[in-house]
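Everything below concerns the one structure shown next.
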């Protein structure tokens with residue numbers, strides 16, 4: 002796709018009905034020849050809407066008004082480009098635990114959790130958060146993760162986790178104000194509830210930091226998985242990560258993760274991690290596919306706000 006198509010697609014598939022500001026802004030960028038030309042000077046992997054908008058927010062630029070955004074971006078492009086080249090989208094949305102929990106609840110416990118593309122590791126604490134599926138609540142911790150669940154009975158209990166580790170090319174530290182500021186900048190403008198959730202989840206991680214290892218999802222995964230304690234069920238999982246990985250490396254990762262003991266939970270865009278047959282997704286918005294050991298189970302929304310079970 003062209004850069005313009007990437008931004009218009011982001012507006013209609015991801016931001017529509019979720020962030021009016023980013024829908025408006027992405028459509029404006031898709032028609033803005035000057036900004037598109039500037040984006041074209043970056044490597045293809047560094048042209049994503051979430052990365053551009055997050056960097057502009059981090060640097061204090063405007064994202065609510067497309068005209069103001071255009072002027073600010075053009076005037077400050079060298080600083081924007083430098084940040085975009087050095088950063089990646091590392092949205093660490095604890096809310097995604099709400100769509101992982103139904104799968105975890107059905108597996109043998111206790112768990113050794115290993116997240117690929119862990120960012121700051123906030124999704125490694127599904128046992129510490131509380132969940133609300135309609136009128137049904139599980140757990141009593143903070144934050145409370147709300148999720149609209151259809152086609153399934155909500156899980157009845159929290160998982161038992163005895164070991165948690167994350168693998169990332171650039172692990173973030175929630176006790177570092179600069180890292181926390183980047184995680185905040187990646188949250189979409191209107192989502193004040195997600196900012197509060199970030200702070201609450203960061204407090205959980207800071208109180209008991211996970212093992213976060215800098216490494217590659219193919220080359221370094223087996224060694225980290227080997228550190229999981231005996232007697233615990235190893236669960237390797239990832240959510241909205243593989244779109245940042247070249248297709249050949251995705252295939253290599255799938256081969257590696259399938260060869261590990263335990264289980265593999267994937268929550269990814271079906272265009273990125275493909276499955277042979279899938280039902281029609283709910284609505285016109287972008288949905289991920291939640292899969293266990295390669296078998297698709299449910300459609301999920303990107304921030305964990307909804308799950309539609311079809312298995």
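In the numbering used here, the protein residues as written are 2 to 312.
Each residue gets a CB set at the ideal place from its N, CA and C atoms; glycine is no exception.
- For the set 292, 139, 49, the Cα lying nearest the Cα of residue 236 is the one of 292.
- The DSSP-derived three-state label of residue 266 is strand.
- At a Cβ-Cβ threshold of 8 Å, residue 59 and residue 93 do not count as neighbours.
- Judged by DSSP secondary structure, residue 240 falls within the beta strand (DSSP E) whose first and last residues are 234-240.
- Residue 3 has its alpha-carbon roughly 45 Å from the corresponding atom of residue 140.
- Under DSSP, residue 134 forms a beta bridge with 137.
- Sequence-distant Cβ neighbours of residue 226 in its own chain, meaning closer than 7 Å and more than five residues away, are 115, 235, 237, 261.
- Classified as buried, residue 211 has 16 or more neighbouring CB atoms from the shown chains inside 10 Å of its CB.
- By the neighbour-count definition (other C-beta atoms within 10 Å, threshold 16), residue 304 is a buried residue.
- Fewer than three beta-carbon pairs drawn from the segment 197-214 and the segment 238-245 are found closer than 8 Å, and the two stretches are therefore not classed as touching.
- Boundaries of the beta strand (DSSP E) harbouring residue 147: 145-147, taken from the DSSP string.
- Segment contact: the segment 2-16 against the segment 57-76, fewer than three CB-CB distances shorter than 8 Å; contact not assigned.
- Of the residues assessed, residue 144 falls on the buried side of the cut-off, its CB having 16 or more other CB atoms within 10 angstroms.
- The beta carbons of residue 160 and residue 127 sit closer together than 8 Å.
- Rounded to whole angstroms, residue 259 and residue 88 show a C-alpha spacing of 29 Å.
- When the alpha-carbon of residue 103 is set against those of 65, 182, 152, the nearest one is in 152.
- Nearest to residue 205 by alpha-carbon distance, out of 186, 218, 174, is 174.
- Distances from the CA of residue 5 to each of 162, 158, 26 were compared; the closest alpha carbon is that of 26.
- Counting only the Cα atoms, residue 245 lies some 30 Å from residue 230.
- Annotation for residue 288: 282, 300 place their beta carbon closer than 6 Å to its own, counting only its chain and skipping 5 residues before and after.
- Relative to residue 191, the option among 19, 8, 9 whose CA is nearest is 19.
- Between residue 168 and residue 105 the beta-carbon gap is near 19 Å, outside 8 Å, which marks them as no contact.
- According to the DSSP secondary-structure assignment, residue 279 is paired through a beta bridge with no residue.
- Closest by C-alpha distance to residue 48, out of 76, 82, 98, 251, is 82.
- In this model, residue 22 and residue 38 are separated by some 22 Å (Cα to Cα).
- Beta-bridge analysis with DSSP links residue 116 to 167, 238.
- Going by C-alpha positions, residue 276 is about 11 Å away from residue 267.
- Judged by DSSP in its simplified three-state form, residue 109 adopts coil rather than helix or strand.
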